[in-house]
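**Student:**
Chains as they are written, first to last, in UniProt numbering: chain G, 1 to 382; chain L, 1 to 382.
#1: Going straight from the alpha carbon of residue 300 of chain G to that of residue 84 of chain L, what length do you get?
#2: Between the Cα of residue 24 of chain L and those of L:109, L:52, L:130 and L:91, spot the shortest distance and give me the residue it belongs to.
#3: Might you give, ordered along the chain, the residues of its own chain that have their beta carbon closer than 6 Å to the beta carbon of residue 94 of chain L, omitting 5 neighbours on each side?
#4: With a Cβ-Cβ cutoff of 8 Å, do residue 138 of chain G and residue 169 of chain G count as a contact?
#5: Taking just the CA atoms, how far does residue 238 of chain L sit from residue 197 of chain L?
#6: Give a yes or no on whether the C-beta atoms belonging to residue 156 of chain G and residue 177 of chain G are separated by under 8 Å.
#7: At a Cβ threshold of 8 Å, is residue 272 of chain L touching chain G?
#8: Quick one: measure Cβ to Cβ for residue 323 of chain L and residue 365 of chain L, integer angstroms, because I've assumed they're closer than 8 Å.
#9: Along chain L, which residues have their Cβ under 7 Å away from the Cβ of residue 299 of chain G?
#10: Using a C-beta to C-beta distance shorter than 7 Å, which residues of chain L count as neighbours of residue 266 of chain G?
#11: As an exercise, report each continuous alpha helix (DSSP H) stretch of at least 4 residues that is fully enclosed by the stretch 240-310 of chain L, in chain order.
#12: What residues from the stretch 197-217 of chain G come within 7 Å of chain L, judged by C-beta to C-beta, listed N to C?
#13: Can you look up residue 383 of chain G in the DSSP assignment and give me helix, strand or coil?
#14: With DSSP as the reference, identify every bridge partner of residue 19 of chain L, one or two as the case may be.
#15: Return the chain-ordered ranges of every beta strand (DSSP E) run that is complete within the stretch 132-203 of chain G and spans a minimum of 3 residues.
#16: Nearest CA to the CA of residue 267 of chain G: which residue from G:261, G:279 and G:254?
#17: For residue 11 of chain G, which option in G:334, G:142 and G:32 has the closest C-alpha, if you only look at C-alpha atoms?
#18: Are the Cβ atoms of residue 320 of chain G and residue 187 of chain G separated by less than 8 Å?
#19: Taking a Cβ distance cut-off of 9 Å, strictly less, list which residues of the stretch 170-192 of chain G are near chain L, in chain order.
#20: DSSP has residue 13 of chain G in a bridge; who is on the other side?
#21: Do three or more CB pairs link the stretch 241-259 of chain L to the stretch 274-285 of chain G at distances below 8 Å?
#22: For a contact defined as C-beta to C-beta under 8 Å, what are the partners of residue 235 of chain L on chain G?
#23: Following the continuous beta strand (DSSP E) through residue 100 of chain G, name the residue where it begins and the one where it ends.
#24: List the endpoints of the continuous alpha helix (DSSP H) containing residue 322 of chain L.
#25: Does residue 76 of chain G come within less than 8 Å of chain L when only Cβ atoms are used?
#26: In this structure, how does DSSP classify residue 127 of chain L when only helix, strand and coil are distinguished?
#27: Since residue 172 of chain G and residue 107 of chain G should fall inside the 8 Å C-beta cutoff, what is the C-beta to C-beta distance between them, to a whole number of angstroms?
#28: Quick one: measure Cβ to Cβ for residue 132 of chain L and residue 20 of chain L, integer angstroms, because I've assumed they're closer than 8 Å.
#29: Quick one: does residue 70 of chain L have its CB under 8 Å from some CB of chain G?
#30: If the criterion is Cβ atoms closer than 8 Å, does the pair residue 356 of chain L and residue 245 of chain L meet it?
#31: Compare the C-beta of residue 22 of chain L against all C-beta atoms of chain G and say whether one is closer than 8 Å.
#32: Measuring only between beta-carbons, confirm whether residue 28 of chain G sits less than 8 Å from chain L.
#33: Measuring only the C-alpha atoms, how far is residue 41 of chain G from residue 127 of chain G?
#34: Would the beta-carbon of residue 150 of chain L fall within 8 Å of that of residue 43 of chain L?
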């Protein structure tokens, strides 16, 4: 498979302040974005791709340069997080579609977030950054696309938190979204997921180096707490059988235990430490808090009175994909959405892919998602 | 149901040093214990009950007085942790059996552990406490019982880590154990469980107040990290449907979200904070680390070459109970043990109770465990 080639994250400043659900507004919002493929003359081939909690605008291709603000180190020169799905001949075929990917509002990879400078003070926002919602993320994406001269989307697609954004798009802008691709996502995080997210945030906020969120420029940041948050996240993204297949109970040292409390004994322990260390190098703790809170708040039934009332607004064709082993965003939630849409007489496809890698399947099971997504976008099975 | 009445935790000092798997030995081991019922003249009615990670010797009845060493505050005047199972007419019927319960080696509730004074230095052991194993716990229990004049046990029983001790007893002292009751336990923690335990330990050890384990007497202890460790543990002890039934996505404030990052919004978030706060008041962080490590190390197949080789030694009748919704100690492990014992021609019963509360079922599903345990102990269905 070829990639879209070397790409560069670009930046666009919104001309107007962005109003937010919490009642505040953000001045001077910058959006980091990438695009792949060619915009059709009548602008009818645009697909917006929305990323999940720890993603960024670099969804496909090979990153050319590090982005500027909000990160403590540059991008690795690496493939985009959904490169297997976006490119020539891939699920989101860039020979056909103009794919746009932005870093979400509140992010730390180029879009305005808590690590950005507050124009009112000249200092990073930190904990003074307004609390944002998935609807705010969509509002930001909408305002950004308007600057590109794009008012209508052929499709919005995303996994996990990205799928929430796709649903929100279809509800908030029904006549401007042709289709949504909602993968490993839900209309409301289930209570155990609420708990995992709360634990991750607790871990960050209990780290004294978090300093109430005002750690920028202090030379200290809550790496210890962020590391534990990432470990928790990581295990919830994998399935128990997937972990067993990958690591089993293999010891680091081979056959013998070393009788140590503080050093990793099992391979999975070492893996967790590695994951934590690499995450804290590239991600901002406050962005983690804000984004985790936004996905926890997301609740279509609460916002609209009922799931029926929320989905009644949808005009987009809907594709739902979930994975049998995903216990964080279980297939049941997709089925609920599908059932309600069907009951409302709206076009929906619901696919449950039998795969062992848990929530991470949406990033891994490219081969099996590709024909489903391609056919759906081409309206072959709708 | 009546209780065994007001009980007092007692203490016994072992006369000999205790050799350990790691090659070191512990001098001056004290054991905290309680007993319920009456020892038969020929001492043939003794059941040893073994507790899980966060338990203590106070298994039944109403605690009379707080224990002395190793805890930062006394026991609450409260029922024992398995009071529903131990008492007159209960599963472990104290009209029939003499039930003995000890705080495990490495504990913080009266038995020698990392918060105890090292006789060699006059200071608390802290991280100089030797790394212990489940076999060491059993060695300590064996030495303790010898001091009571008890060499043979009618049964050893426990849930979770307590069940591991029961299995270890049957393997290490086959001719001195008549029966074992192994509830919600396993012959080796599954890899996801290894990961959860590692995350909990990381959370404690990354707390700067842990101070490399030398926090005693400093006025600071790793409460923040311990709190997160307990939150992680708590969610793994419950099932996702159980959490959903108990909390759903109910907000603290009723109908409205308050747009706050740092305060609990959902009831389950508040519950987690409460659980964390109450746990750190009663439990020592180093004991958590050592005990978590011991249960992670437990691996009968690794220790004996194979599960068959390990269980070949067992002479005790074996009762296994697991719970359908327990994803930390899933029924599959009990089934494996049962299959191997059956294949070896040894007497075993395996019961899977269909119940929604996850691993915590072993503490909650008393009514359904009671007839199974009673009949097994009376050899009615063996």
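Glycine residues also receive a C-beta, built at the ideal position from the N, C-alpha and C atoms.
**Tutor:** According to the structure shown:
#1: The count along the first chain starts at 1 and reaches residue 300 of chain G at position 300. The count along the second chain starts at 1 and reaches residue 84 of chain L at position 84. Cα to Cα, the separation comes out at about 42 Å.
#2: On the second chain, position 24 is the one that residue 24 of chain L refers to. The candidate whose alpha carbon is nearest that of residue 24 of chain L is L:130.
#3: Looking up residue 94 of chain L in the second chain gives position 94. Within the same chain, residue 94 of chain L has close Cβ partners 4, 36, 37, 87 and 88.
#4: As a position in the first chain, residue 138 of chain G is number 138, starting the count at 1. As a position in the first chain, residue 169 of chain G is number 169, starting the count at 1. Yes; because the gap between Cβ atoms is below 8 Å, this pair is in contact.
#5: Counting from one through the second chain, the residue named residue 197 of chain L turns up at place 197. Counting from one through the second chain, the residue named residue 238 of chain L turns up at place 238. Distance between the alpha carbons of residue 197 of chain L and residue 238 of chain L: 15 Å.
#6: Counting from 1 along the first chain, the entry for residue 156 of chain G is found at position 156. Counting from 1 along the first chain, the entry for residue 177 of chain G is found at position 177. Yes, they are a contact pair.
#7: Mapped onto the second chain, residue 272 of chain L falls at position 272. At least one chain G Cβ lies under 8 Å of residue 272 of chain L.
#8: Residue numbering aside, residue 323 of chain L sits at position 323 when the second chain is read from its first letter. Residue numbering aside, residue 365 of chain L sits at position 365 when the second chain is read from its first letter. Their Cβ separation, rounded to whole angstroms, is 7 Å, which keeps residue 323 of chain L and residue 365 of chain L in contact under 8 Å.
#9: Position 299 of the first chain, counted from the start, is the residue given in the question as residue 299 of chain G. In chain order: 249.
#10: Numbered from its first residue, the first chain carries residue 266 of chain G at position 266. Ordered by position in chain L, the residues that pass the 7 Å Cβ test against residue 266 of chain G are 194.
#11: 240-247, 267-282, 285-297 and 300-304
#12: 198, 199, 202, 203, 205, 206 and 208
#13: Chain G is shown only over 1 to 382; residue 383 of chain G falls outside these bounds and no answer can be derived.
#14: One-based indexing of the second chain puts residue 19 of chain L at position 19. Residue 19 of chain L pairs with L:25.
#15: 155-159 and 179-183
#16: Along the first chain, one-based indexing puts residue 267 of chain G at 267. Among G:261, G:279 and G:254, the Cα nearest to that of residue 267 of chain G is on G:254.
#17: Position 11 of the first chain, counted from the start, is the residue given in the question as residue 11 of chain G. With distances taken between Cα atoms, residue 11 of chain G lies closest to G:32.
#18: For the purposes of this step, residue 320 of chain G is identified with residue 320 of the first chain, where counting begins at 1. For the purposes of this step, residue 187 of chain G is identified with residue 187 of the first chain, where counting begins at 1. Not in contact: residue 320 of chain G and residue 187 of chain G (Cβ atoms no closer than 8 Å).
#19: 188, 189, 190, 191 and 192
#20: In the first chain, the residue the question calls residue 13 of chain G occupies position 13. The partner list for residue 13 of chain G (beta bridge, DSSP) reads G:30.
#21: no
#22: Locating residue 235 of chain L in the second chain gives position 235, counting from the first residue. The contacting residues are 192, 195, 196 and 199.
#23: As a working note, residue 100 of chain G is residue 100 in the first chain. Counting along the chain, the beta strand (DSSP E) containing residue 100 of chain G begins and ends at 98-102.
#24: As a working note, residue 322 of chain L is residue 322 in the second chain. Residue 322 of chain L -> not in any alpha helix (DSSP H); beta strand (DSSP E) instead, spanning 317-323.
#25: Locating residue 76 of chain G in the first chain gives position 76, where the first residue counts as 1. Because residue 76 of chain G carries a pLDDT of 49, less than 50, the predicted location of this residue cannot be relied on, and the following value inherits that uncertainty. No, because no Cβ of chain L sits closer than 8 Å to the Cβ of residue 76 of chain G.
#26: Stepping through the second chain from its first residue, residue 127 of chain L is reached at position 127. In this structure, residue 127 of chain L counts as helix in the three-state DSSP scheme.
#27: Along the first chain, one-based indexing puts residue 172 of chain G at 172. Along the first chain, one-based indexing puts residue 107 of chain G at 107. No, residue 172 of chain G and residue 107 of chain G are not in contact; Cβ-Cβ is about 20 Å, not under 8 Å.
#28: Here residue 132 of chain L is taken as the residue at index 132 of the second chain, counted from 1. Here residue 20 of chain L is taken as the residue at index 20 of the second chain, counted from 1. At roughly 6 Å, the Cβ-Cβ gap stays under 8 Å, so residue 132 of chain L and residue 20 of chain L are in contact.
#29: Counting from one through the second chain, the residue named residue 70 of chain L turns up at place 70. Below a pLDDT of 50, predicted positions are generally treated as unreliable, and residue 70 of chain L, at 43, falls in that range; no measurement from the model is reported.
#30: Taking the first residue of the second chain as position 1, residue 356 of chain L is located at position 356. Taking the first residue of the second chain as position 1, residue 245 of chain L is located at position 245. In contact: residue 356 of chain L and residue 245 of chain L (Cβ atoms closer than 8 Å).
#31: On the second chain, residue 22 of chain L is found 22 positions in, with the first residue counted as 1. Taking Cβ atoms only, chain G reaches closer than 8 Å to residue 22 of chain L, which makes this a yes.
#32: The residue given as residue 28 of chain G occupies position 28 in the first chain. Not an interface residue.
#33: Start at 1 with the first residue of the first chain, and residue 41 of chain G comes out as number 41. Start at 1 with the first residue of the first chain, and residue 127 of chain G comes out as number 127. Using only the alpha carbons, I get a separation of about 43 Å.
#34: Counting from one through the second chain, the residue named residue 150 of chain L turns up at place 150. Counting from one through the second chain, the residue named residue 43 of chain L turns up at place 43. Closer than 8 Å, so yes.
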